[in-house]
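A.B. asks: This is the structure, below, for whatever I ask next.
Protein chains: 4
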Amino acid sequence: MSFSVAVAGASGYAGGELLRLLDAHPDLDIRTVTAHSNAGQRLGSVQPHLRSLADRVLVDTTPETLAGHDVVFLALPHGKSGEVTAHLDASTLVVDCGADHRLVNDEDWAAFYGGEYYGAWDYGVPELPIEAGRKQRERLVGATRIAAPGCNASTVALSLAPGVAAGVIEPTDIVSVLAVGPSGAGKSLKLNLLASEILGSANPYAVGGTHRHIPEIAQSLKAAGAGDVSISFTPVLVPMSRGILATSTARIVPGTSASDVRQAWESAYAGERFVELLPEGEFPRTADVIGANVALMGLAIDEAAGRAVVVTAVDNLTKGTAGAAIQSSNIALGIDESTGLSVNGVAP
Amino acid sequence: MSFSVAVAGASGYAGGELLRLLDAHPDLDIRTVTAHSNAGQRLGSVQPHLRSLADRVLVDTTPETLAGHDVVFLALPHGKSGEVTAHLDASTLVVDCGADHRLVNDEDWAAFYGGEYYGAWDYGVPELPIEAGRKQRERLVGATRIAAPGCNASTVALSLAPGVAAGVIEPTDIVSVLAVGPSGAGKSLKLNLLASEILGSANPYAVGGTHRHIPEIAQSLKAAGAGDVSISFTPVLVPMSRGILATSTARIVPGTSASDVRQAWESAYAGERFVELLPEGEFPRTADVIGANVALMGLAIDEAAGRAVVVTAVDNLTKGTAGAAIQSSNIALGIDESTGLSVNGVAP
Amino acid sequence: MSFSVAVAGASGYAGGELLRLLDAHPDLDIRTVTAHSNAGQRLGSVQPHLRSLADRVLVDTTPETLAGHDVVFLALPHGKSGEVTAHLDASTLVVDCGADHRLVNDEDWAAFYGGEYYGAWDYGVPELPIEAGRKQRERLVGATRIAAPGCNASTVALSLAPGVAAGVIEPTDIVSVLAVGPSGAGKSLKLNLLASEILGSANPYAVGGTHRHIPEIAQSLKAAGAGDVSISFTPVLVPMSRGILATSTARIVPGTSASDVRQAWESAYAGERFVELLPEGEFPRTADVIGANVALMGLAIDEAAGRAVVVTAVDNLTKGTAGAAIQSSNIALGIDESTGLSVNGVAP
Amino acid sequence: MSFSVAVAGASGYAGGELLRLLDAHPDLDIRTVTAHSNAGQRLGSVQPHLRSLADRVLVDTTPETLAGHDVVFLALPHGKSGEVTAHLDASTLVVDCGADHRLVNDEDWAAFYGGEYYGAWDYGVPELPIEAGRKQRERLVGATRIAAPGCNASTVALSLAPGVAAGVIEPTDIVSVLAVGPSGAGKSLKLNLLASEILGSANPYAVGGTHRHIPEIAQSLKAAGAGDVSISFTPVLVPMSRGILATSTARIVPGTSASDVRQAWESAYAGERFVELLPEGEFPRTADVIGANVALMGLAIDEAAGRAVVVTAVDNLTKGTAGAAIQSSNIALGIDESTGLSVNGVAP
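Just so you know, the sequences run in chain order A, B, C and D.
Going by UniProt numbering, the first residue of the first sequence is number 1, and it counts up by one from there.
Going by UniProt numbering, the first residue of the second sequence is number 1, and it counts up by one from there.
Going by UniProt numbering, the first residue of the third sequence is number 1, and it counts up by one from there.
Going by UniProt numbering, the first residue of the fourth sequence is number 1, and it counts up by one from there.
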């Protein structure tokens, strides 16, 4: 089976990762690659690591160039997906890697993004526990509009949802601190993203509850069964191009045994190929997941602190974005969920 | 005024930083440099960045080579300082950069280090609030035995002690996550410290409450007025040779206004040269403190999460270790506290 | 078609990369993984990035554990392959990723390595021009003993062999300077490979003509038609885990036009999938080849200096070692040369 | 003695390093700091690592704000110094850290820079051998207009000038390849300077003889006695914020002994504090010179290749720019040449 694919925003980092994965996907066929300011250029000069696609030429991102494909992946700046999608056929599978369709609540959208709100699409994190022992995967079957997750948001949500769903941790005083690479911020010419600013340094940003992924995490944990959610969330840019290492802690519900806590995660992710709980005492490094569509997770019970500590490593561009988009598309299109996706990282 | 100085363990990273700072200190005169396996070598081949001292020769670390100096800095592996000090004159100022004399409680020592316990010395973090509006500085005046702090421990203690002392944050559910560079682990031949393992990766360790700096933080916060202390502490190795970026959060005592919280830190560090609270909305990067004897701190109040978030940047080798040692020595010796120490980092 | 495979030395960096590539290879089936000090451990704890193989257990490297496979890849320390191979069946395809069988000249072996000399095997760089317009590929068809190349050596040889074979550059005054990542040195506990020593620094080594890859380069250029070869070769460790960026220059034969020079490289690598000359004015970055079995090359003619400058990027572990081993095996086994190998890098 | 100082372009990387060094200089007093787009801002928000100057406010770069100082340091984009200087008093010491006044030959200016040519000033590399056993230092005594060198240019010129001056190496077929950090390119918003592009990668640029520092090197070597100069020069961006590691090779004049070659460098730099030849067999790392006003050099004789290989490490912002500017100013102002400058790097 072969589905024709267009990638909009193919000159950016998420677009490049989509192309890298799609090129190795046996059932998805890259037909069209679009860009804005880079339209007209060869992919070889814009994404020089994609040798197999070097001679493809970027065309302008318009309703016309995107029309007529089975699947359209949008890797556009926030706020651009809504207008583009309006012109696409309802039967086309559209997967948005931007934020436009992630939030189910228009007040969250107004508070954290602003601008016109286009409504939520099915959320592209198949492994997320939702109510009644079900998983988000179910909702993606046959979907035609999918919102790929925010990379930090899905990492933290996957880290804690099992404990929330099982009622073994409290969702009301979560603390997450993330070491993140700059590629998550995209190919943007900003002073704080210059190599000289980031090499040899750890740089916090969005400190104090202002990061846009906070409401996205909260809604995922609510979907997993939480009532009120409170999260202190601090991302720290560190000198690695890719990767997220999220350290998330939550208070253990009093009276819960350590083995019950661990059991919550084990049962939530048993049988999952792309979310893996490591053996007790092992914790992941971001190096282990570079280029892989996998979230690796280690869980510790800190009895003295009364907290569960979950450390999760994700490649922000793969499992965090492009891999999640393709995995979700596989489900939506009815092909094997793992097609074209590897769990093995490129290390060291 | 000139004091003669010996540095024991001069071939390691902390020893090297001591020498770098001492070489620029007008009142401290490097007389003797000692090492263990590197004894007999020129400093030029062991610490090639110290050109002004390149022709000094490392001698063996023995009671004899260390005797007869006004000041002895010990930068030895944990467990080695006790025996060495037994042979040093009581009037000699001895500053230990290892852990042997930091913990006031022998049970903490037994639980986190083990081996013979040699007792606590005056703790070398002058700016730490202690009871009754006083500071640790007072105790260092005229001291002859000083324990330089653990770099992570002093960073977190300085981050939170003002709020604890002022009663505006709760010390019972602290969460600290630190991005740290590998030089804090010393010049040790361990697989997890190889460049190939650390480049491009964020690597957690001592997850779940096992890090040795935890009791040291707790005792500092108790000295600042806390009763029970509970801290979830997770360090993450990131690819920068030096630096600690500690993100520490604590619940705000209900009913406390944001300005009262901020006021606690402002008044605690007003007039301090080497601990600085940045203006509201500014947060430090580790790049800003490389080579500087300064702890830079940013404070945010996350009202939604009910937590104060303190982000502090410290160079683990300078303000975290060698700078703290020299600053404390300045106080002990009765010379100006800031002699030979810079607040300016080497950036970018 | 399926061939059974053993990987000896599976706990090291080259071994890990072999496994990563083999796992994705449709015709090669990983049957046995061996190690020395790590025997008995799960791959999951030694190579944590290889999730699909996490439950495999390393067995001891012995003639018995390696016997009975169609293909044996050796990723052992230099000097270990000879004795191991003596016990392997003559019909088994043995591919050595160490240096033991690369040098055709026992005097070179004695001068640069020393110890017992076991003789040269077919050299695993299929694209290398050899005499009479032929390529090294021919010699690999049906081979049962293959020496995978030294990563730096093959990078420089591929850079210059086209010009040498075409007679447009002089092989007698070559200068090559390489920026290399530390993974090329293997997982060895050496002080100069510690992260603290390499982060933020560029560190030369083997300066002045002592690097072991020099005779290997020379013999490849001689195979391409050079008489005398002289090369000044300097590697520089830089803070990236993988990658080689080789800048190689040679004097242009007087009277040769720039287009004739360029033509030599274009015709040498036309039709090659895994060695690519970039369009005029483009030069490769190591980021573009990470994880890819490809050598990317840019060529400049510096008329003022009278030199051709070739800049080549290679992933030392992939095209430099494990990818070359598998590509050569594909040829030897009579399957499509590109099976299981990607030309696309993981970037950024 | 105290001289009043203005720094123009104080918001950039070179400007920041000037301020860091000037703040520690006992005889130079920072009176005025100017900028263009950052005028009006506190230094604390633009150069957050300079805590001692955090409350200084940047004023606009105009003839009026720069007037009335004893010394004016210009750290402006290329092409901006000429017009600014026209308004400054002839007796003011003006030190340009830009390229405007480095080249003695207007044809070189036209070929490599273009735009109006303002003429050469005294070149700020005191240790450079010039004709008849003299050094460039002489020309700086009492100078009022000084051109601080290009960082790559002075590094290569210092590497080879001793051999050229002594007639032991040939200046007609030099090859230099440099590993350089991105801070040398300034705080410019360019895609190729983004952290995501540079982390984990080695990126060549200006390949094939187009780099602007080439004529500057040539003129320095001619000043040292060379007739014709030919140099193949390739810079490679590597992931370290600061530092240059230049590997420079030149053919040894036939018949010259190894000891005569070495003697040329030893005698050229004997007694120099800021240019140091390391003992035989030792080579420098850039880590060793970070923040230091020193060029460290290692020399190897590659007899097989017939070439001398000089590896030199320089911090591009210190000895490469700001340190050279201050060292030269010290000479011009008649104060001790080493005032305010350290030879010790910040490592690891």
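All C-beta atoms, glycine included, are put in the ideal place defined by N, C-alpha and C.
Looking at A157 (chain A): is its Cβ nearer than 7 Å to the Cβ of S220 (chain A)?
C.D. replies: Numbered from 1 along the first sequence, position 157 holds the residue referred to as residue 157 (chain A). Numbered from 1 along the first sequence, position 220 holds the residue referred to as residue 220 (chain A). Yes, these two residues count as a Cβ contact at 7 Å.
A.B. asks: Note down, in chain order, each residue of its chain lying with its Cβ closer than 6 Å to the Cβ of L265 (chain C), except the 5 sequence neighbours on either side.
C.D. replies: Here residue 265 (chain C) refers to the residue found at position 265 when the third sequence is read from its first residue. The amino acid at residue 265 (chain C) is misidentified as Leu; the sequence shows Trp. P162, L277 and L299, listed in sequence order.
A.B. asks: Determine the closest residue to N105 (chain D) out of D:E116, D:C97, D:V95 and D:N330, with distance taken between C-alpha atoms.
C.D. replies: Within the fourth sequence, residue 105 (chain D) is the residue found at index 105, counting from 1. Checked all of D:E116, D:C97, D:V95 and D:N330; the closest Cα to N105 (chain D) is D:E116.
A.B. asks: Please list, in chain order, the chain C residues whose beta carbon lies closer than 9 Å to that of residue 349 (chain A).
C.D. replies: Any question about residue 349 (chain A) goes unanswered here, given that chain A covers just 1 to 348.
A.B. asks: Threshold first: 3 residues or longer. Then list the beta strand (DSSP E) segments lying entirely within the UniProt domain "Semialdehyde dehydrogenase NAD-binding" (4-136) of chain A, N to C.
C.D. replies: Taking only runs of at least 3 residues, the beta strand (DSSP E) segments lying wholly in the UniProt domain "Semialdehyde dehydrogenase NAD-binding" (4-136) of chain A are 28-35, 71-74 and 93-96.
A.B. asks: With a Cβ-Cβ cutoff of 7 Å, do A39 (chain D) and V59 (chain D) count as a contact?
C.D. replies: The residue you call residue 39 (chain D) lines up with position 39 of the fourth sequence. The residue you call residue 59 (chain D) lines up with position 59 of the fourth sequence. It is a contact, given that the beta carbons lie within the stated cut-off.
A.B. asks: What residues are listed by DSSP as bridge partners for D302 (chain D)?
C.D. replies: For the purposes of this step, residue 302 (chain D) is taken as residue 302 along the fourth sequence, with counting starting at 1. Beta-bridge pairing links D302 (chain D) to D:R307.
A.B. asks: What does DSSP give as the partner residues of F283 (chain B) in its beta bridges?
C.D. replies: Here residue 283 (chain B) is taken as the residue at index 283 of the second sequence, counted from 1. Note: F283 (chain B) sits in no beta bridge, so no partner.
A.B. asks: Please report the Cβ distance between W144 (chain D) and A90 (chain D), rounded to the nearest whole angstrom; I am assuming they are in contact, meaning their Cβ atoms lie under 8 Å.
C.D. replies: Along the fourth sequence, read from residue 1 onward, the residue named residue 144 (chain D) stands at position 144. Along the fourth sequence, read from residue 1 onward, the residue named residue 90 (chain D) stands at position 90. Contrary to the premise, residue 144 (chain D) reads as Thr rather than Trp in this sequence. Yes, they are in contact, since the Cβ atoms of T144 (chain D) and A90 (chain D) sit about 7 Å apart, within 8 Å.
A.B. asks: Roughly how far, in whole angstroms, is the beta-carbon of L21 (chain A) from the beta-carbon of I30 (chain A), given that I think they are within contact range, below 8 Å?
C.D. replies: As a position in the first sequence, residue 21 (chain A) is number 21, starting the count at 1. As a position in the first sequence, residue 30 (chain A) is number 30, starting the count at 1. The Cβ separation is near 10 Å, so there is no contact.
A.B. asks: Looking at G345 (chain A): is its Cβ nearer than 7 Å to the Cβ of A292 (chain A)?
C.D. replies: Locating residue 345 (chain A) in the first sequence gives position 345, where the first residue counts as 1. Locating residue 292 (chain A) in the first sequence gives position 292, where the first residue counts as 1. Their beta carbons are under 7 Å apart, which means G345 (chain A) touches A292 (chain A) by this criterion.
A.B. asks: The ligand HEM and A54 (chain D): does any heavy atom of the ligand fall closer than 6 Å to the residue's C-beta?
C.D. replies: With respect to the ligand HEM, the structure shown offers nothing to examine, as it has no ligands at all.
A.B. asks: Starting from S329 (chain D), follow the beta strand (DSSP E) in both directions and report where the run begins and ends.
C.D. replies: As a position in the fourth sequence, residue 329 (chain D) is number 329, starting the count at 1. Counting along the chain, S329 (chain D) falls outside any beta strand (DSSP E), though it belongs to the alpha helix (DSSP H) covering G323 to L333.
A.B. asks: Can you find at least 3 beta carbon pairs, one from the stretch 248-263 of chain D and one from the stretch 282-291 of chain D, that sit closer than 8 Å?
C.D. replies: Flag = no, the stretch 248-263 of chain D and the stretch 282-291 of chain D do not touch.
A.B. asks: Just to confirm my understanding: we take S342 (chain C), look at its own chain, exclude 5 residues before and 5 after, and list those with CB closer than 6 Å. What are they?
C.D. replies: Taking the first residue of the third sequence as 1, we reach residue 342 (chain C) at position 342. Excluding sequence neighbours, S342 (chain C) sits near A292.
A.B. asks: For the 8 Å Cβ check, are there 3 or more pairs between the stretch 306-313 of chain C and the stretch 240-253 of chain C?
C.D. replies: The answer is yes - the stretch 240-253 of chain C touches the stretch 306-313 of chain C, with three or more Cβ pairs under 8 Å.
A.B. asks: Name the chain D residues that come within less than 7 Å of E197 (chain C), Cβ to Cβ?
C.D. replies: Along the third sequence, read from residue 1 onward, the residue named residue 197 (chain C) stands at position 197. Under the 7 Å cutoff, chain D gives P348.
A.B. asks: Mind checking whether C151 (chain C) and G184 (chain C) have CB atoms under 7 Å apart?
C.D. replies: The residue given as residue 151 (chain C) occupies position 151 in the third sequence. The residue given as residue 184 (chain C) occupies position 184 in the third sequence. Result yes, Cβ atoms of C151 (chain C) and G184 (chain C) sit closer than 7 Å.
A.B. asks: Measuring only the C-alpha atoms, how far is D122 (chain B) from G334 (chain B)?
C.D. replies: Here residue 122 (chain B) is taken as the residue at index 122 of the second sequence, counted from 1. Here residue 334 (chain B) is taken as the residue at index 334 of the second sequence, counted from 1. Each residue's alpha carbon lies about 16 Å from the other.
A.B. asks: Contact between the stretch 2-18 of chain B and the stretch 45-53 of chain A is defined here as three or more beta-carbon pairs at a separation below 8 Å; is this criterion met?
C.D. replies: Touching, no, given that fewer than three Cβ pairs across the two stretches are closer than 8 Å.
A.B. asks: P235 (chain D) and V180 (chain D): beta carbons closer than 7 Å?
C.D. replies: Position 235 of the fourth sequence, counted from the start, is the residue given in the question as residue 235 (chain D). Position 180 of the fourth sequence, counted from the start, is the residue given in the question as residue 180 (chain D). Closer than 7 Å, so yes.
A.B. asks: Does T312 (chain C) pass the burial test, meaning 16 or more other C-beta atoms within 10 Å, or should it be called exposed?
C.D. replies: Mapped onto the third sequence, residue 312 (chain C) falls at position 312. Buried, by the Cβ-count rule.
A.B. asks: Go through its chain and collect everything with a Cβ distance to R212 (chain B)'s Cβ below 6 Å, but skip five positions before and after it.
C.D. replies: Within the second sequence, residue 212 (chain B) is the residue found at index 212, counting from 1. Closer than 6 Å at the Cβ level, and outside the excluded window around R212 (chain B), lie F112.
A.B. asks: Got a sec: which bits of the stretch 209-242 of chain C sit with their beta carbon under 9 Å from any beta carbon on chain D, in order along the chain?
C.D. replies: Against chain D - using a Cβ distance shorter than 9 Å - the residues of the stretch 209-242 of chain C are G209, T210, I214, S230, I231, S232, F233, T234, V236, L237, V238, P239, M240, S241 and R242.
A.B. asks: How would you list, in chain order, the residues of chain F whose beta-carbon sits under 8 Å from the beta-carbon of A300 (chain C)?
C.D. replies: The question asks about chain F, but that chain is absent: this structure's protein chains are A, B, C and D.
A.B. asks: With a threshold of 7 Å between beta-carbons, can S338 (chain D) be considered close to chain B, or not?
C.D. replies: Walking along the fourth sequence from the start, residue 338 (chain D) turns up at place 338. Chain B contact via Cβ: absent.
A.B. asks: Please compile the residues from chain C whose C-beta is within a distance smaller than 7 Å of the C-beta of N203 (chain D).
C.D. replies: The residue you call residue 203 (chain D) lines up with position 203 of the fourth sequence. Result: R285.
A.B. asks: Using alpha carbons as the reference points, say which of A:I231, A:L88 and A:Q136 lies closest to L178 (chain A).
C.D. replies: Counting from 1 along the first sequence, the entry for residue 178 (chain A) is found at position 178. Of the candidates A:I231, A:L88 and A:Q136, the one whose C-alpha sits nearest the C-alpha of L178 (chain A) is A:I231.
A.B. asks: Compute the distance between the beta-carbons of E272 (chain C) and E127 (chain C), then report whether it is under 7 Å.
C.D. replies: Reading the third sequence from its first residue, position 272 is the one you call residue 272 (chain C). Reading the third sequence from its first residue, position 127 is the one you call residue 127 (chain C). Result yes, Cβ atoms of E272 (chain C) and E127 (chain C) sit closer than 7 Å.
A.B. asks: Using alpha carbons as the reference points, say which of D:A166, D:G68, D:A347 and D:L19 lies closest to R56 (chain D).
C.D. replies: Numbered from 1 along the fourth sequence, position 56 holds the residue referred to as residue 56 (chain D). Selected option, being the one with the closest Cα: D:L19.
A.B. asks: What residues of chain B sit near Y269 (chain D), judged by a beta carbon separation below 9 Å?
C.D. replies: The residue you call residue 269 (chain D) lines up with position 269 of the fourth sequence. The premise fails here: Y269 (chain D) is roughly 13 Å from chain B at the closest Cβ pair, so nothing lies under 9 Å.
A.B. asks: List the residues of chain C whose Cβ lies closer than 9 Å to the Cβ of P182 (chain B), in chain order.
C.D. replies: Numbered from 1 along the second sequence, position 182 holds the residue referred to as residue 182 (chain B). Per Cβ cutoff of 9 Å: L194, A195, S196 and L199.
A.B. asks: Let me know the secondary structure DSSP gives E272 (chain D) once reduced to three states.
C.D. replies: By one-based count along the fourth sequence, residue 272 (chain D) stands at place 272. Three-state DSSP puts E272 (chain D) in coil, outside helix and strand.
A.B. asks: Pick from A:Q263, A:S52, A:A246 and A:Y13: whose alpha carbon is nearest that of P77 (chain A)?
C.D. replies: The residue you call residue 77 (chain A) lines up with position 77 of the first sequence. Per the Cα distances, A:Y13.
A.B. asks: Between A223 (chain A) and L140 (chain A), what straight-line distance do the alpha-carbon atoms span, to the nearest angstrom?
C.D. replies: Position 223 of the first sequence, counted from the start, is the residue given in the question as residue 223 (chain A). Position 140 of the first sequence, counted from the start, is the residue given in the question as residue 140 (chain A). Spanning the two alpha carbons is a distance of roughly 15 Å.
A.B. asks: How is the beta strand (DSSP E) around S176 (chain B) delimited, first residue to last?
C.D. replies: Here residue 176 (chain B) refers to the residue found at position 176 of the second sequence. Unbroken beta strand (DSSP E) run through S176 (chain B): I174 to V180.
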